[in-house]
Structures are given as structure tokens and as C-alpha cells.
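*Asks:*
Numbering (the numbering used here), first residue to last: 1 to 237.
(1) How long is the line joining the alpha carbons of residue 221 and residue 151, rounded to whole angstroms?
(2) Give a yes or no on whether the C-beta atoms belonging to residue 68 and residue 27 are separated by under 8 Å.
(3) Whole angstroms are fine: how far does the CA of residue 181 sit from the CA of residue 195?
(4) How would you call residue 20, buried or exposed, if buried means at least 16 neighbouring beta carbons within 10 angstroms?
(5) Does the beta-carbon of residue 232 have 16 or more other beta-carbons within 10 angstroms, so that it is buried, or is it exposed?
(6) Can you grab the Cα-Cα spacing for the pair residue 210 / residue 185, in whole Å?
(7) Tell me whether the beta-carbon of residue 76 lies closer than 8 Å to the beta-carbon of residue 16.
(8) State buried or exposed for residue 201, treating a residue as buried only when at least 16 other CB atoms are found within 10 Å of its CB.
(9) Looking at the structure shown, is residue 33 part of a helix, part of a strand, or coil, going by DSSP?
(10) Using a 10 Å radius around the Cβ and a threshold of 16 neighbouring Cβ atoms, would you call residue 22 buried or exposed?
(11) Look at residue 42 and residue 51 and say whether their C-beta atoms are less than 8 Å apart.
(12) Exposed or buried, residue 12, counting other C-beta atoms within 10 Å across all chains shown (16 or more means buried)?
(13) Just to check my reading of the structure: residue 146 and residue 71 have Cβ atoms closer than 8 Å, yes? What is that Cβ distance to the nearest angstrom?
(14) Can you name the start and end residues of the alpha helix (DSSP H) that residue 224 belongs to?
(15) Count the other CB atoms within 10 Å of the CB of residue 66; is the residue buried (16 or more) or exposed (fewer)?
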């Protein structure tokens, strides 16, 4: 409690911090950059009711996400309330339930986070029986868990991006190999047409064409059989 501050004002200040912590955790779970959810800047916007100054990604997320919108509305109501008339823990039960629900839902989206989930579930479950001072410790635990989740989310995003890049590179390599093979087949067909006795059997013609292009005997034999039927190899561009 600050000097000259009554107990109701102190509880109001704690409620403001706690509610913003929940709002900030939801923003983090939605992938909103932390620098766009700066507490003092948001508080100034709320006090002035100048919501057009909200960063666009944050404003869009609030409009689309009902849970985020509800948390922001709760924060607005508390910030604009008379701190000297603030009742004791008026929204603690609702806040604890919502915080626990949101933390568990967002963390379970990432597999293998049992330790983090257990810590936050434990912290949220104890919240109802804690004193004002102990609530600050719980908030710190939730903040640490949220930071860990954000790090894991970024790591998962990097891994997804890396695998996507590998798949794209593999597809491009396969395309180039197909193109190279098609070009070799055309080269072999042109050699067969211009330089070889077209009455040769397909196996014998394939034996000769192996020295022209590095393709398998079976592939070249099928090529010659097709050429004898008038089927020219197509080039895949």
C-alpha cells in the first residue's frame, strides 16, 4: 500500500494490475506483440476514452475475440472506477475462473507442456484462498508461465516454418529432376530419330542410348517402344 493510500484504493490498484495481467496474457496467446500491449499507454487510452488510438492489430483482435473483448471491458470498468470506493475483491472469483480457463485452454494447444500447465493450474486453483500479498506472487508465477508459453510458441512457429521450407525445397528439387529427365528423354529421342536404324529392337536401341543419356535401360526401352508407335516424349516446363 502506498503512503496516504486507503485500503480500498490499494485493493483497486491490485485489481487493476491483476485484470490487466489477464488481458495481457490473452493478447500474448493471440500472438499480439508485447510492445503493442504497453500498460501505461493502454491506461491513458482508456481514461481518455480515445479507443481509436489502440494499435490496429490489438483493436482487430479485441473485435474478433469475445474472450479478449470481455477482458478488455472488465479492465475499462475497473480503471475508470472510483478507487476510493472500490469494494473488497469484487471480481476475484470471476477473474480467477476466467484466468484459469484461458490459461489451460491456450497452453493445452501446445503438446508436451505438462509442467507449465500444472504450475498455472496450481497457481490459479490456490488464488481464491490467497491474501492480497500472496496474490502478487501468483501473478508473478502466471507471468513466468506466460513468458515460457510465448517462447515455446515462437519455437513451434520456427519449427513449422523450417519444415515448410524443407517441403518446398524438396518439391522444387523433384520438379527440377523431372524436368532434367524429360530433357534427357527428348535428347535420346532426337538421337534415335537422326542417327539410329529405327528398325532396331527396343532393347538393342536402349543399349545404344544409354551411352547418350544417363537413364536406365528400362526407361530407354519404354521410350523406344513409344517412339515406334509415334509417341514423342513431352517436355515438362
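A virtual CB, placed ideally from N, CA and C, is assigned to each residue, including glycine.
*Replies:* Taking the structure as given:
(1) 57 Å
(2) yes
(3) 21 Å
(4) buried
(5) exposed
(6) Each residue's Cα considered, the two are about 11 Å apart.
(7) Going by C-beta atoms, residue 76 is not nearer than 8 Å to residue 16.
(8) Exposed: under 16 other Cβ atoms inside 10 Å.
(9) coil
(10) buried
(11) Result no, Cβ atoms of residue 42 and residue 51 do not sit closer than 8 Å.
(12) buried
(13) The Cβ separation is near 14 Å, so there is no contact.
(14) 217-228
(15) exposed
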